[in-house]
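Asker: The working numbering puts the first residue of the sequence shown at 1474, with every later residue one more than the last.
By construction, the Cβ of each residue, glycine as well, lies at the ideal position given by its N, Cα and C atoms.
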Amino acid sequence: MATALITEIQQAQTRLPLLSRADRAALIVRILRELKTHRREVLANVPAERCAWIDRLIASVSSTIPEIVNMLDAEFNRVLSEFEKLIATLDDISHTEKRSKTIH
């Protein structure tokens, strides 16, 4: 799922001036859904105090979707770039952890 979302983010970045507010909102909601899934599935056994960062991020993005959607194209593009990096990193970490568990 993360790879498909990363591709979707990259495609949105190339068509940014053509994205409607609804398209932007839908993309941010999909990003949030991916973060929530990661929190629930990958970080489920991690102590809550070590997951505060992702919980705060999810809450912050959830409460500011209208502001994010209304950003200028350049600002919205920076937000998408950061989410792309974050999702790629989280996906890479989770795959690395799965491989190391399989090896041991």
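Can you find at least 3 beta carbon pairs, one from the stretch 1544-1557 and one from the stretch 1521-1528, that sit closer than 8 Å?
Answerer: Result no; under three Cβ-Cβ pairs closer than 8 Å.
Asker: With distances taken between CB atoms, is the gap from Leu-1505 to Val-1534 smaller than 8 Å?
Answerer: Going by C-beta atoms, Leu-1505 is nearer than 8 Å to Val-1534.
Asker: Taking 8 Å as the cut-off, decide whether the C-beta atoms of Arg-1513 and Ile-1527 are in contact.
Answerer: For Arg-1513 and Ile-1527, no; Cβs fall outside 8 Å.
Asker: Sort Asp-1565, Leu-1516, Leu-1530, Ile-1479 by Cα distance to Leu-1500 and report the nearest one.
Answerer: Of Asp-1565, Leu-1516, Leu-1530, Ile-1479, the residue nearest in Cα terms is Ile-1479.
Asker: Nearest to Leu-1508 by alpha carbon, out of Leu-1492, Ile-1531, Leu-1489?
Answerer: Cα-wise, what sits closest to Leu-1508 is Ile-1531.
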